[in-house]
Structures are given as C-alpha cells and as structure tokens.
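Below is one structure, written out as structure tokens; the observations come after it.
Residue numbers (my numbering), protein chains in the order written: chain A, -12 to 481; chain B, 90 to 345.
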C-alpha cells in the first residue's frame, strides 16, 4: 500500500484493494456457470470455499507481516482478464527456444490452457500418468476427454484424494484465488516403485497483455518412485501478465522427487507461485527454485515433513536486475520426528533490484530429533540494490537442532584483482565470480539434464548482468546517477 | 632496451604518498631483490607494477618493453608479461584451480597470438609444473586457494608463474610464513624459471630467501625511495647491520 493509504487507515486501504477485485469476480462468475455441469461437486465446493476466502480477504497489504517487504498495489490495480481458450495462437517455432534438452514428456500450457499440439507426449512408460488436469477431471466425469480424444495416460485416480488437500486456502489468499480460478494445469502420477529417468517438463507460457492465469499442478509420487519435474514459466512478448500458480507435490513413502521451478518470464510479469510439498515417511524431496526473470515475483515454498525420517532440500537462486523484485517465502514445517531440512538460498541483485528471503521453520511438538538448517547468502552488485532477509524459528519440541544464518556482501575487490592480475579481463572476472557464487546452488543438484538446463540458463543470465555492468561503466557516470526513465517500484513504501 | 624502466615513480594510497621517487632499471635475465623495513613501500611498488587500482601513480614513468605500464589495466599488464606472486594469495571459492589457470593462460596466449588450449592440451603442462612444485594432484580440482595451507598457497603462486611464463615476475614476500622445506620448494620453482628472457623482482624482508634465490642486484627501499643498491653481498651486510645502516650510508645530498 502507499504511504498515503496507510495514513488514512486500514479501512480505506482495504476499500481500495477490494475495489479492484471486479475482474476476478467476473472471472469467477463465468467459470462457476461453466462448471455447474462439468465439475464434480467436491471440486465446486472446494472452489466456492476458496473464492469466499479470497473475496473476504482481498489482496494482502504490507501491513500483513508475511507481505511486509512486497507491495502488491501495482498487481491489485491492474485489471487482469482470464484468457479465452485458444484466444492466442502460439506456433511451435515461438516456443522452440524454451525446450529442455534431455527432457522426457513436455506439457505446454498457453495462458493457462493446455496446448496439446505444442506438447510432446514421449514414450510413456505405463508406470507414469501425465496429462492436463482439466482433461483428467472431465474423463472422471464423462469417461472421455472433453474434445472426445483419448489423452494418453489420463487415469484420474487420486485427484480427488489429493487436489486441494495440502495447499491451504485459509493460509494464503493467492492459494485461495488459484483454487477458485484455475482452469488447467498438469497432473502427474508416478506409480509405486517406478523410476522415471528423464525429467518431465511443464511449460507455462504467457502471451498477451493483462492476461491472468492460475496454473494448477498436482504431482503424486507414489511410494519408492523416482521422478524429476521442471515447472517452467516463460513469456512471449514483453507485456505484463499475471501468473498465480499452485503446485501440490505429494511424495509417498521413500519416494525421491526433484522439483525445479524456473521463472524466466519478461520483466513486466507478475508471478506468484506456491509449491506445497507433502513428505511421507522416508521421502526425499528437493525443491530448486531458479528465479531469473519476472518483474514482481513471489516464490512460496512450503514443505511439510509429515512422516518420520523424511528429508527435504530447499535450494534456490534468485538473480535480479533493473527494478525486479524477487520475494522468497519459505515455510518449513517439521511435523514428525527424525526429519531433516536444508534450506540454501543465494541471491544476486544488481541495479535497483530488490530481494526478500523469509525463512520460517516450524518444529511441531512431536518432531523430536529434527535437524533443520537454513542459509541465505546474498551478493549485492549495486548500491541501490536491496535485500531483506528474515529468519524465523518456531520450535515446540525440545530435542532439535536448528541453525540459520544470512550474509549480504559485495563482489570482493581482492578476488577481482587476483583474477585480473592473471590476465583475465574484468568482465570475465566478474562473471566468473558471479558464476561461482551462483554455482553453489548447482552443486546441490544431482547430475541430470535438469541441472544442465538450469546451469545454462544461469550462465546466460549472469553473462547478461556482467555485460550490462560493463556497458554501465562505459556510460557517462552522471547519467547513471539519475533513475532511468519511469520505472516501477515494488518497494513496500512506494 | 631495458625490460622494466622505473623513473622517479611516485605513488599514493588514499592521498598518502608511499613511493617518493623510485628509480630502477631491470634487464631481461636479471634477478633483482628489493629489501627494506616494514612500511617502506615494497608491497606498494609491487602493487603499482601489477596495476592495482587503489594505488595511484602521482608522478614519474614506468615502461615495460618501452610501453607505458601506468596506462595499463591489471589484465593488460598481465598479458604484457607482468606477474605478481601475492603476499597473501586470495581464496576464490567456486572456481577450480585448473579451470582458473587455463582461463588465465588462454587470455595471455591470445594476446601473444597463440591458439587457446583446451582442457586436454592444458593438463600435461599443468601436471608437469605441479610436479615441479611438489603439489598434490588433488589440489587441481579444488577451488582456487580454498582451504590451502599457507605453504600450499605460496606454492600455488609459483605454479601459476611456472605455467603463465611471464617476462617480469614479482615475488611479494613469497617467503613470509614458509617453513624451510616449503621455502626450498618455492625457490627451486623460481630457479627453474630463471632464463635469459625473464626477469625477477624479489621483494623480501629477510636475507633467508636470497640464500636460495641468488639475486644479481639488491636494492634497499626506505621511506619510498631506493637508498642503496649493490650485489648479493649487500643482503648479507644488511642481515648483520639492519636497515638503519643502509639509510645512514646514503650521502646526505641524496636524501630528501
């Protein structure tokens, strides 16, 4: 909220925010009518409950402790519209550059709608079910996909059991909004004991101005299965879109799952993503969040270690420049004994970019012998970049090991000089140092095509950053002191 | 033409003048040693020659092969053949030793008009030079200087020297903190690199290093100026009498 709104009191601020909910109300009205026939009752009830929740609360303001460092005024005042199905045609050539070498199946969604023509259903082992969530539900209702086609591997078993059971609409209004408004997304079920070698690529494409999408993903990894999933957000064109995704990932007993979130949308994009991880006994889940693009990004990662001996790695890298605002909100819940969680987030911020790392660890009463660690390291490349880091521990068990630490620093001149004194040119030297810092997050990933893919994306982004630095150094310094043209400001007290 | 020609060099850090008119000529093939008390400007001279930007040259000239060294950036000086073995080698987590050194070598080879070396071409050279410095192969893939002992760091500096083959190698108190075994290894590495096309500037506080690396010339730097120059015997004399005598022996007319 703006300072002015603050001064005139909450009531007024609230009115301002709810006043902009019209487009969401319209969208919900349209969808509710369509769904009357189409959706099962349990889903309609879930959505209605979620909608009521969102409608009552509206968008959070910076008075809300969880949103203290991220001002949503620009998001709230933009009249985003849902995209009509097939409203935008995207050619295969337009997304060719977004492919992941070595990936298995790829599901593509354009403005929130499944694009079967762009998707690649690979050689599907019968131990893997992957399809559009909408189709799976339609199939459950009618016994066939809505367009009559038999989509491969679309047994809808498990959807009702899992969908919406973990991501809590009462905790977070964006989860509520997503639950009310999602139109499609990916559904993935890996059968017991199945090992899927190639990563699954879920590509969410935004195209067009003021489009909102609410992708919903459900990943069910049955006991002792192995799978890696890349959830990848991209834009075509430079217009502002709003993506509000929710992913529920359920890891059964002793399942091993890697999840990659890649945010590489354009710099005008609003992206709010929520990843809710549910870990059964002995499950091992790694979440890797790679935030390189987007204008205003909020990355919520919420694992619940719900079975004894579960292990969770929460790994992330965020790289921001210009006026990007990258907010990471981690909530790690230890609910059962003998679990371990490791959070490592590295941030690189240049220009006027702003980063937030909010790391909350909750150890419930029964979660004895919890081993929880949190580390957040940040590199600020400019005097105007800013980072807020906020660790938070809530411990209700008495026999636990919890540590947290955060650092904020600059590129060390000593290191830079050392490299240059050996003949390495300044831009390359900076790039090397940045890359080394960023590579800490790669070191925490298992060797896989997914790792190679994000490594190359990170490399490109850092090269871009180093190049901008060099260009800035060559430009007249007094011009740089002035803020460049009109820029958006996501800061709390805009 | 001399390899390095320093004429009336003045340099400051944060507005404090440290070098107050240094004159020194070094020819290819020569080993010069600079000795002097703490704070006399030895490391400043090394830093200026390596083009460290926090050291401002306020007067005089430095020519490397006739080219103006003061105009060069650190990487340009390195590519023209200047190498500084750091007094305190820097740790760089996340960048592997071998990768780093190959990048450096390729930057320099490019300048010399030579082809870049790929990892396979580079490896034999790197291993051979590691052997010279009695370094463990395991250090190769570790991050630059990270977790190295003091002696390993200094040996790593000389290893880099041996791979990069500079025209002018500056050793900034490479002997400090070294035990006698490490000192011998370092000295052997340096001596192996001596040759008609290469010059050394060995900065040290103690005579001890010069027992192993015999210099052709010894200079005494006091308060930002070279107050005395001589042959290797000067180092021995200083060991006995200290730097006070060196300063006192400067003719009054030459003192500022």
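No residue lacks a Cβ here, since even glycine has one placed at the ideal position from N, Cα and C. All values derive from a computational prediction rather than experimental measurement.
Can you list, in chain order, the stretches of the alpha helix (DSSP H) that have 4 or more residues and sit fully within the segment 59 to 145 of chain A? 60 to 64, 79 to 82 and 120 to 129
Determine, for residue 439/A, whether the minimum Cβ-Cβ distance to residues of chain B falls below 9 angstroms. no
In the DSSP assignment, find the beta strand (DSSP E) that holds residue 505/A and state where it starts and stops. Since the first residue of chain A shown is -12 and the last is 481, residue 505/A is not available in this structure.
At a Cβ threshold of 9 angstroms, is residue 407/A touching chain B? yes
Within 9 angstroms (strictly less), CB to CB, does residue 412/A reach chain B? yes
Quick check on residue 153/A - is its C-beta less than 9 angstroms from some C-beta in chain B? no
Quick one: what does DSSP say residue 37/A is sitting in, helix, strand or coil? helix
Range of the contiguous beta strand (DSSP E) that encloses residue 381/A: 373 to 382
Under the three-state DSSP convention, the category residue 361/A falls into: strand
Unbroken beta strand (DSSP E) runs of length 3 or more, entirely within the segment 190 to 221 of chain B: which are they? none
Just checking: is the beta-carbon of residue 420/A within a distance shorter than 9 angstroms of some beta-carbon in chain C? The structure shown has no chain C; the protein chains it does contain are A and B.
From 330/A, 44/A, 128/A and 338/A, residue whose alpha carbon lies closest to that of residue 164/A: 44/A
Give a yes or no on whether the minimum CB-CB distance between residue 253/B and chain A is below 9 angstroms. yes
Residues of chain A with a CB under 9 angstroms from the CB of residue 175/B: which are they? 405 and 408
The beta strand (DSSP E) with residue 222/A in it runs from where to where? 213 to 223
Report the neighbours of residue 424/A on chain B: residues whose CB is nearer than 7 angstroms to its CB, in chain order. 183
Does residue 332/A come out as helix, strand or coil in the three-state DSSP assignment? strand
Nearest-angstrom Cβ-Cβ length linking residue 226/A and residue 267/A, presumed shorter than 8 angstroms: That pair is no contact at about 42 angstroms.
Three or more beta-carbon pairs under 8 angstroms between the segment 230 to 245 of chain B and the segment 288 to 302 of chain B, yes or no? no
Chain A residues whose Cβ lies nearer than 7 angstroms to that of residue 163/B: 404, 407 and 408
To the nearest angstrom, how far is the alpha carbon of residue 313/A from that of residue 372/A? 12 angstroms
Does any C-beta atom of chain B lie closer than 9 angstroms to the C-beta of residue 447/A? no
Taking 9 angstroms as the threshold (beta carbon to beta carbon), is residue 416/A in contact with chain B? yes
Name the residues in the segment 181 to 208 of chain B whose C-beta lies less than 7 angstroms from a C-beta of chain A; which are they? 181, 182, 183, 184, 192, 193, 196 and 197
How is the beta strand (DSSP E) around residue 258/A delimited, first residue to last? 257 to 266
Any beta carbon from chain A within less than 9 angstroms of residue 233/B's own beta carbon? yes
Using a Cβ-Cβ cut-off of 9 angstroms, state whether residue 325/B counts as contacting chain A. no
What does residue 168/B reach in chain A if we use C-beta pairs closer than 7 angstroms? 410
Enclosing alpha helix (DSSP H) for residue 10/A [first to last residue]: 9 to 25
Using a Cβ-Cβ cut-off of less than 8 angstroms, give me the residues of the segment 263 to 290 of chain B that come near chain A, in sequence order. none
Establish whether the CB of residue 35/A and some CB of chain B are separated by less than 9 angstroms. no
List the residues that DSSP assigns as beta-bridge partners of residue 391/B. With chain B represented from 90 up to 345, any question about residue 391/B goes unanswered, as that position is not in the structure.
Local Cβ density within 10 Å of residue 135/A, reported as buried at 16 or more and exposed below that: Only weak support exists for where residue 135/A lies, its pLDDT of 48 falling under 50; the coordinates are left without a value.
Span of the alpha helix (DSSP H), counted from its first residue to its last, around residue 165/A: 160 to 168
In chain B, which residues lie with their C-beta within 9 angstroms of the C-beta of residue 427/A? 182 and 183
Only counting the same chain, and skipping five residues up and downstream in sequence, which positions put a Cβ closer than 8 angstroms to that of residue 163/B? 139, 140, 141 and 142
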